[in-house]
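Beneath this line is the structure, given in structure tokens, with notes to follow.
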Amino acid sequence: MAKGELQPNGPIQVQGAILKDFSGQKMTERTDYALCRCGHSSDKPFCDGTHAKIGFDDTRQRELRRGIENYVGAQITIHDHRYLCAHYGACRLKGVFEPRKRPWIDPDGTQDVNAVIDVIEDCPSGALTYSIDGNHVTDWHDEPEVRVQEEGPLHFRGSISLEDEQGSAVLLVSREHYTLCRCGASKHKPFCDGTHKKRWGWSKDGEKGSS
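Quick note on full-length UniProt numbering: the sequence shown kicks off at 1 and runs consecutively.
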């Protein structure tokens, strides 16, 4: 079984998962490796031990304040867990996902349920999931893999268990996909909170410095 183990104030040790760049190309033939979480390795995405030299601290600066919020519609219920959100920017669908409105999600904003599902399944962090006819759908990837976003976080897919150094499972909505910080500055460690956009100047559209 594929596994990711968070080392205290250090890297994440991955076992049994393919490592790919964001386009899907293999970055190594190895399936066991240590990935940098401090953001300062000279061998990114791999750890080179720099975390110990700079005194990297993986303590969360913000604790979980609320759980899942449910937006119930006639055909689909959308579940949102803000704490896990990596601000990837996939949730773009007029009438359904409107970040500047409150509430920002309207599951009845379109009759095209498949379009809503496509947007949710493009969310890499696990913050967005959905239910249809009482069935909560949280998983949709098969092959265990880690995708490295250029100047961005680590996207885990395909049921890679996430554990702390004591071997305890980390609380997730979906154990099948989630997004971890690798810039070292997220306030929601080990999860990405979008801080890399300010630190590394990354955007979903590939333009440095845009939001």
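Every residue gets a Cβ at the ideal spot worked out from N, C-alpha and C, and that includes glycine.
Asked	Found
Straight-line Cα distance separating Ala127 from Glu5	21 Å
CA-to-CA distance, Val119 to Thr77, given in whole angstroms	14 Å
When Glu69, Asp43, Leu84 and Phe46 are compared against Arg60, the one with the closest alpha-carbon	Leu84
Beta-carbon proximity check, Gly34 vs Pro11, cutoff 8 Å	A small fix is needed here, since residue 34 is Ala in this sequence, not Gly. Result yes, Cβ atoms of Ala34 and Pro11 sit closer than 8 Å.
First and last residue of the uninterrupted beta strand (DSSP E) at Asp21	Ile18 to Asp21
Every unbroken alpha helix (DSSP H) inside the segment 63-131 [4 residues or more]	113-120
Classification of Gly95 by the beta-carbon crowding that lies within 10 angstroms, buried from 16 upward	exposed
Identity of the residue in His40, Arg62, Arg100 and Lys44 nearest Ala52 by Cα	His40
Own chain, CB closer than 8 Å to Lys26, minus 5 neighbours either side, in chain order	Ile18, Leu19 and Lys20
Exposure label - Val14; buried when at least 16 CB within 10 Å	buried
Neighbourhood of Pro187 by C-beta, 6 Å cutoff - its chain only, sequence neighbours within 5 removed	Here residue 187 turns out to be Lys, not Pro, going by the sequence shown. Result list for Lys187: Gln61, Arg62 and Asp193, in chain order.
Identity of the residues DSSP links to Gly4 by a beta bridge	Val14 and Leu162
Candidates Ser23, Ala90 and Thr129: closest to Asn70 by CA position	Thr129
Buried versus exposed call for Ile132 [16 or more other C-beta atoms within 10 Å across all chains shown]	exposed
Boundaries of the alpha helix (DSSP H) in which Ala34 is found, first to last residue	Unbroken run through Ala34 is the beta strand (DSSP E), Asp32 to Leu35; no alpha helix (DSSP H).
Nearest candidate by alpha-carbon position, reference Leu172, set Gln149, Ile68, Glu121 and Arg182	Ile68
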